[in-house]
Amino acid sequence: MAVLEISNLQKSFLSPDGTRRAIIGIGSFSLAERAQMALRGESGSGKTTFLNLIAGILRPDSGRVSVAGREMSALSEPHRDRLRATTIGYVFQTFNLLQGYTCLENVLLGMSFGAGVDRGLAHKLLERVGLGGHLRHYPRQLSSGQQQRVAVARALANRPNLVLADEPTGNLDPVNAREVLALIRDTCRENSAALLFVSHDREALGQFEEVQDFHQINQPTPP
Amino acid sequence: MVYKSLRQHAFSTVLTAFSVALAGGLLMSVWAVREQSHAAFTGLTGGFDAVLGARSAKLQLVLNAIFHLEESPGNLAWADYLEIQGNPNVELAVPIAMGDNFRGYRLVGTSPDLFDRAEYAPGKRYTPRPLGRVFDPTAREAVAGSFVAQRLGLKRGDVIHPFHGLLFDEEKEHSETYVIVGVLEPTNTPADRVIWIPLEGLQKMSGHDPKAASDISAVLVKLKAGSAVAGQRLSLLYNKEGARLTLAWPIGQIMAQLFAKIAWFDHVLELVAYLVALVATGSIIAGIYNSMNERRREIAILRALGAHRGTVFSSIILEAAATAALGMLVGFLFYGAMMTVVASIVRTQTGVVLEPQSFHQIMVWAPAGLIALSALSGIIPAMKAYRTDVAENLAPIS
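Protein chains in written order, with the working numbering: chain G, 1 to 223; chain Z, 224 to 621.
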């Protein structure tokens with residue numbers, strides 16, 4: 001069964017010159033439960049927009065996005081927020097940790113919008129990503145690799161069905177990139193979450209069994 | 224989230240809370256001083272209903288005879304005292320004379336009736352502390368008010384040299400000496416800042432005009448029950464039919480007229496307090512609004528994690544309200560400090576006691592109002608937070 005199903009998805013933006021520019025045009029796309037797929041695409045190809053459409057952060061012009069059996073695009077904004085919090089984990093290239101919160105608090109905050117605060121699970125997740133001794137550290141006190149590990153723990157905090165990873169190794173050195181990627185894949189497996197990974201990094205993409213070219217899936221047509 | 228945000232923007236939180244504290248403290252102080260002083264000055268009559276004195280403004284008579292402020296408008300003859308004392312509408316008439324001081328505190332000559340018969344409040348007499356007593360009217364003895372005694376360190380057995388005039392001038396020392404035979408229990412009235420001596424002692428003090436030796440400064444009058452009619456009769460007698468003397472009656476109403484005359488000053492103070500409150504809420508808007516740019520990414524992250532727009536909106540409102548609430552906690556300290564200073568000045572100048580600890584409704588309304596106003600002012604930055612575009616602020620885009 002698919003955790004993510006997309007059909008006829010269209011998204012365009014208004015350019016500064018007043019013309020409308022099509023960014024996304026995906027006829028059909030799906031991701032099975034617990035599957036791990038990588039999408040290859042250059043910068044500016046619309047990968048982030050695609051992930052934001054899946055997460056319900058953006059609304060499509062038309063088409064259908066279904067996550068865990070619920071049609072994201074048909075939901076009201078509060079319901080989309082709720083569905084995102086409970087079923088989707090998001091890992092960003094720039095980590096997007098809240099600087100005023102400790103590692104533990106960043107994970108707990110993620111929980112507070114979803115399944116509810118579970119300190120035991122938060123501890124366990126941070127230990128799993130190798131930061132059991134850094135619970136009370138603030139992001140600025142951590143290395144880039146450590147910060148991304150916190151982001152991974154936070155993404156899994158609500159036991160999501162689907163993890164979206166947007167260039168999560170883009171800001172890391174090769175050693176950290178390999179470690180973090182392995183961690184994301186392993187923890188997704190352990191938590192039975194499907195993983196949709198987008199990147200243009202050949203080495204990172206090489207770790208995946210299933211890699212698709214984003215430009216083959218995405219063929220926007222002018223509006 | 225609110226606590227974290229307040230901590231993250233600690234400097235602006237403290238500055239804003241400080242301005243709220245100042246506004247709240249000022250607002251409560253202005254209100255409390257006005258209410259308390261109005262109640263104190265219109266309610267403090269020393270147990271008397273009227274003051275009889277030389278022809279003058281009623282307010283001057285009351286301020287001089289009851290509050291021991293202002294100059295005496297002139298003297299009246301002993302016969303005038305005897306006349307009003309014998310009036311069937313009068314229950315008690317106590318003569319007073321003034322014109323001397325001891326280190327700036329007034330010496331007031333009076334008769335023992337003030338201590339034996341007058342009640343400054345129902346059931347409360349001017350009573351010397353244990354071991355003390357009232358002066359002997361024929362001796363050079365004095366009874367000190369509690370505030371003077373405390374300020375000048377006077378105690379039973381001390382000897383004082385009066386000085387001529389109401390203002391202290393070292394070169395105008397009288398040759399007579401008086402022995403303190405008692406210190407009054409605190410009455411929280413202007414009587415606390417006076418040294419009482421026998422009437423005759425003041426009248427015949429060396430250097431005073433011998434021709435006016437039997438004159439007095441005023442008569443404190445207590446009317447018999449049903450004092451409204453009695454007061455009207457006496458007022459008619461002295462103020463309309465006579466042209467030589469003035470009867471200031473009723474004392475509370477005359478003081479209320481004074482407050483009515485200076486009401487504009489209250490309004491100015493109130494206006495200042497409201498303006499400060501407005502500036503404080505303005506600073507809350509400015510503080511949060513200015514930080515919105517740096518918060519955009521944070522808000523976008525929260526939204527990406529699943530926070531509703533409403534959650535973000537209400538957290539900003541709550542932050543504004545919490546800043547005001549923090550400010551009001553400090554505001555109560557400001558209030559306490561301001562009231563203590565004002566109460567001390569008022570007591571030193573008039574003998575009237577204001578109580579910083581006493582409860583006023585404004586102590587509920589001011590914090591509630593400022594917190595509500597601040598929460599309301601939070602709507603502007605909260606709307607900005609509400610409208611934050613998540614995708615745009617979750618940089619970078621690949």
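A virtual CB, placed ideally from N, CA and C, is assigned to each residue, including glycine.
message = Suppose you measure from the CA of R80 (chain G) to the CA of M72 (chain G); what does that come to, to the nearest Å?
response = 6 angstroms
ask   = So, is S621 (chain Z) buried or exposed, given that buried needs 16 or more other C-beta atoms within 10 angstroms?
value = Residue placement at S621 (chain Z) is poorly supported in this model, since its pLDDT is 43, which falls under 50; the coordinates are not used for a value here.
task = Determine the DSSP secondary structure at S621 (chain Z), reduced to helix, strand or coil.
result = Bear in mind that a pLDDT of 43 at S621 (chain Z), under 50, signals an unreliable position, so the model cannot answer this.
Residue closest to R128 (chain G), alpha-carbon to alpha-carbon, out of G:S45, G:N52 and G:A182 = G:A182
request  = Enumerate in chain order the residues of its own chain whose CB-to-CB distance from Q480 (chain Z) is below 8 angstroms, with the five nearest sequence positions on each side excluded.
outcome  = L282
ask   = Near T221 (chain G), which residues of its chain fall below 7 angstroms by C-beta distance, leaving aside the five closest residues on each side in sequence?
value = Hits under 7 angstroms: A22 and G25.
message = Below 7 angstroms on C-beta distance, what does G100 (chain G) contact in chain Z?
response = K227, R230 and Q231
query = Just checking my contact of E408 (chain Z) with T350 (chain Z) at CB under 8 angstroms: how many whole Å lie between their CB atoms?
reply = 5 angstroms between Cβ atoms; contact.
ask   = Counting along the chain, where does the alpha helix (DSSP H) carrying P590 (chain Z) start and finish?
value = I585 to S600
key: Residues within the segment 517-545 of chain Z neighbouring chain G, beta-carbon criterion of under 9 angstroms   = R520, E521, A523, I524, L525, R526, A527, L528, G529, A530, H531, R532, G533 and T534
query = Going by C-alpha distance, which of Z:A372, Z:R532 and Z:V502 is nearest A240 (chain Z)?
reply = From the listed residues Z:A372, Z:R532 and Z:V502, the smallest Cα separation to A240 (chain Z) is found for Z:V502.
request  = Using the Cα positions of V613 (chain Z) and I522 (chain Z), report the straight-line distance between them to the nearest angstrom.
outcome  = 8 angstroms
Meets three-Cβ-pair contact criterion under 8 angstroms: the segment 396-405 of chain Z and the segment 359-374 of chain Z = yes
ask   = Apart from the five residues just before and just after L135 (chain G), which ones in its own chain have a Cβ nearer than 8 angstroms to its Cβ?
value = T102, C103, L104, H123 and L126
task = Take the Cβ of D17 (chain G) as the centre, count every other Cβ of all protein chains shown within 10 Å, and call the residue buried at 16 or more, exposed below.
result = exposed
key: Neighbour list for L549 (chain Z) in chain G, Cβ cutoff strictly below 7 angstroms   = What L549 (chain Z) touches in chain G: nothing, since even the nearest Cβ is about 17 angstroms away.
ask   = From D438 (chain Z) to A320 (chain Z), what does the alpha carbon distance come to, in whole angstroms?
value = 8 angstroms
message = Quick check: the segment 588-596 of chain Z against the segment 548-557 of chain Z, are at least 3 beta-carbon pairs closer than 8 angstroms?
response = At 8 angstroms Cβ cutoff, the stretches touch.
task = Please report the residue range of the alpha helix (DSSP H) in which V152 (chain G) lies.
result = Following the DSSP letters along the chain, one finds V152 (chain G) inside the alpha helix (DSSP H) bounded by residues S144 to L156.
task = Would you mind stating whether N191 (chain G) and L162 (chain G) have Cβ atoms separated by less than 8 angstroms?
result = No.
Proximal chain G residues relative to V613 (chain Z), where beta-carbon distance stays under 7 angstroms = I57
query = With 16 other CB atoms within 10 Å as the buried threshold, where does D186 (chain G) fall?
reply = exposed
key: Through-space distance from I383 (chain Z) to A372 (chain Z), alpha-carbon basis   = 12 angstroms
inquiry  = Closest to T94 (chain G) by C-alpha separation, out of G:A165, G:Q36, G:F208 and G:G63, would be which residue?
reply    = G:A165
ask   = Cβ of L617 (chain Z) less than 8 angstroms from any chain G Cβ?
value = It does: the Cβ of L617 (chain Z) has a partner Cβ on chain G nearer than 8 angstroms.
task = Would you identify the three-state DSSP class for A204 (chain G), choosing helix, strand or coil?
result = helix
message = Contact criterion: CB-CB distance below 8 angstroms. Does N52 (chain G) meet it with respect to chain Z?
response = yes
ask   = Name the DSSP beta bridge partners of W419 (chain Z), please?
value = Z:V331 and Z:V366
key: Anticipated Cβ contact below 8 angstroms, M37 (chain G) with E167 (chain G), distance rounded   = With 8 angstroms as the limit, M37 (chain G) and E167 (chain G) do not qualify as a contact, their Cβ atoms being about 15 angstroms apart.
query = According to DSSP, what are the bridge partners of I511 (chain Z)?
reply = DSSP output for I511 (chain Z) lists no bridge partner at all.
task = Use the C-beta contact count for F582 (chain Z): other C-beta atoms within 10 angstroms, 16 or more gives buried, fewer gives exposed.
result = exposed
query = Comparing the CB of Y461 (chain Z) with every heavy atom of the ligand COA, is any distance shorter than 7 angstroms?
reply = Within the structure as shown, the ligand COA is missing, as the structure has no ligands at all.
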